[in-house]
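Notes follow once the structure below has been shown.
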Amino acid sequence: MVILKNGNAYNGVTKSVSNFKLRPPVAFFLLLLTASFSLSGIANAHVKWFATYDVSQTPRTIDFILASQAFWTAVFLALAGFSLSIFVERSKFGQSISDFLDFLCDPLCQRMDDFVRIATGFFFICLFASGNVYLTPELTTPDEFVSWLHFIIGISIIFRYTRLVAAIGIMALWFLALRDYDFFHLLDYLPLQLGLAAYFVLEGVKRPEWRARRFEALRWGLAVAIMWSSLEKFAYADWFIPILNEHPYITMGLPQYSFVIMSGVAEFAMPGQYLRSHR
1 MVILKNGNAY NGVTKSVSNF KLRPPVAFFL LLLTASFSLS GIANAHVKWF
51 ATYDVSQTPR TIDFILASQA FWTAVFLALA GFSLSIFVER SKFGQSISDF
101 LDFLCDPLCQ RMDDFVRIAT GFFFICLFAS GNVYLTPELT TPDEFVSWLH
151 FIIGISIIFR YTRLVAAIGI MALWFLALRD YDFFHLLDYL PLQLGLAAYF
201 VLEGVKRPEW RARRFEALRW GLAVAIMWSS LEKFAYADWF IPILNEHPYI
251 TMGLPQYSFV IMSGVAEFAM PGQYLRSHR
């Protein structure tokens, strides 16, 4: 929905000329297709929030995953979703949907930078108010200065010339968290933090060719974060079983391990469709 023109967030129609060809929002078709077996793929994106985990546990091998019927069933459904989206987006019907949603989303797309800054600033001010956490409420710390670092980041986002400070602060929080949490745990947050930090660095520069890449950096950070969380479902499916035991309705009757594997495939495929729709 958003393409970049002259370094600014801009929303247009397919006839617009840009480095990013506008695609209709056909990702919805893939989301609808996979939603039936990936509800917990979103809710449990970071299973460490909801259940105990053991990194010393031996991960499942690639051979084991490839031998799973659930894996190939999910791959087939994902490919079917991609094929359907391509078919629809090339049709007149798909173009009509795209143009209509372009019209609806235009006010937001014209102010996309403002939206990202306000949302991110509000998030960090909320973390400051909650106190004693790193980047997310589940990463607690006894150090009071960490809360004030969140406050500084939230304020720095307001001004263009201090957004580099915000970017450095975001990454500093991640490295500070390494004092209290293991590297594997914090990998859940690294791609998105890098993407967000890169966005604020590029958004604050004056060179148009650099600034034009800011949303691309943010998209890739989000995509890699989602894809990384999906790998946990392949390697450590046992981590998710206690949650499914507590909420059995999530599986919709599917075997638990099959559901976890299919959720992982769906979660891994979604960023591919998301990135493809923003080429």
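Residues in the sequence shown are numbered consecutively from 1, following this note's numbering. All C-beta atoms in this analysis are idealised placements derived from N, C-alpha and C, irrespective of residue type, glycine included. Here the structure is a predicted model, which means the values were calculated and not measured.
For residue j and residue i, believed in contact at Cβ under 8 Å, the rounded distance
| i | j | result |
| --- | --- | --- |
| ALA205 | ALA78 | Looking at the sequence shown, residue 205 is not Ala but Val. Not really, about 37 Å apart at Cβ, beyond 8 Å. |
| PHE128 | GLY154 | 6 Å |
| THR120 | LEU190 | Going by Cβ atoms, the distance from THR120 to LEU190 rounds to 17 Å, so no, they are not a contact pair. |
| GLY169 | ILE158 | So it is not a contact: roughly 13 Å between Cβ atoms. |
| SER68 | ILE261 | 5 Å |
| SER280 | ALA70 | This structure cannot settle anything about residue 280, because the visible part of the chain is limited to 1 through 279. |
Residue i, buried or exposed, once every other Cβ within 10 Å from all chains shown has been counted against 16
| i | result |
| --- | --- |
| TRP239 | buried |
| VAL26 | Note that VAL26 scores a pLDDT of 41, beneath 50, so its modelled location is shaky; the value from the coordinates is reported in the next line. VAL26 is buried by the Cβ-count criterion. |
| GLU267 | buried |
| LYS233 | buried |
| ALA269 | buried |
| TYR134 | buried |
| MET112 | buried |
| MET252 | exposed |
| PHE200 | buried |
| LEU178 | exposed |
| GLY131 | exposed |
Delimiting residues of the alpha helix (DSSP H) encompassing residue i
| i | result |
| --- | --- |
| LEU149 | 145 to 156 |
| THR73 | 69 to 89 |
| LEU187 | Taken as a continuous stretch (DSSP letters only), LEU187 belongs to no alpha helix (DSSP H), as it is neither H nor E. |
| PRO107 | 92 to 110 |
| LEU176 | 163 to 177 |
Best match in the options for proximity to residue i [C-alpha to C-alpha]
| i | options | result |
| --- | --- | --- |
| ALA167 | ASP182, ALA177, TYR181, LEU149 | LEU149 |
| THR140 | PRO59, TRP174, GLU203 | TRP174 |
| THR136 | CYS126, PHE145, ASP143 | CYS126 |
| ALA217 | PRO208, ASP113, ILE226, LEU202 | LEU202 |
| MET171 | VAL146, PHE159, TYR161 | VAL146 |
| ARG117 | ILE261, ARG214, VAL224, ILE241 | ARG214 |
| PRO271 | ALA225, PRO107, PHE115 | ALA225 |
| THR61 | LYS92, LEU231, ILE152 | LEU231 |
| ALA212 | ALA198, LEU66, TYR257 | ALA198 |
| PRO59 | GLY169, ALA237, THR162, LEU108 | ALA237 |
| MET227 | TYR257, ILE241, LEU254, LEU187 | LEU187 |
Run of the beta strand (DSSP E) containing residue i, from where it starts to where it stops
| i | result |
| --- | --- |
| THR61 | Run containing THR61: none; DSSP gives neither H nor E here. |
| PRO137 | 136 to 140 |
Point to revise | Inside the segment 207 to 275 only - alpha helix (DSSP H) runs reaching at least 4 residues | key: Whole alpha helix (DSSP H) segments, 4+ residues: 208 to 211, 214 to 235, 241 to 246.
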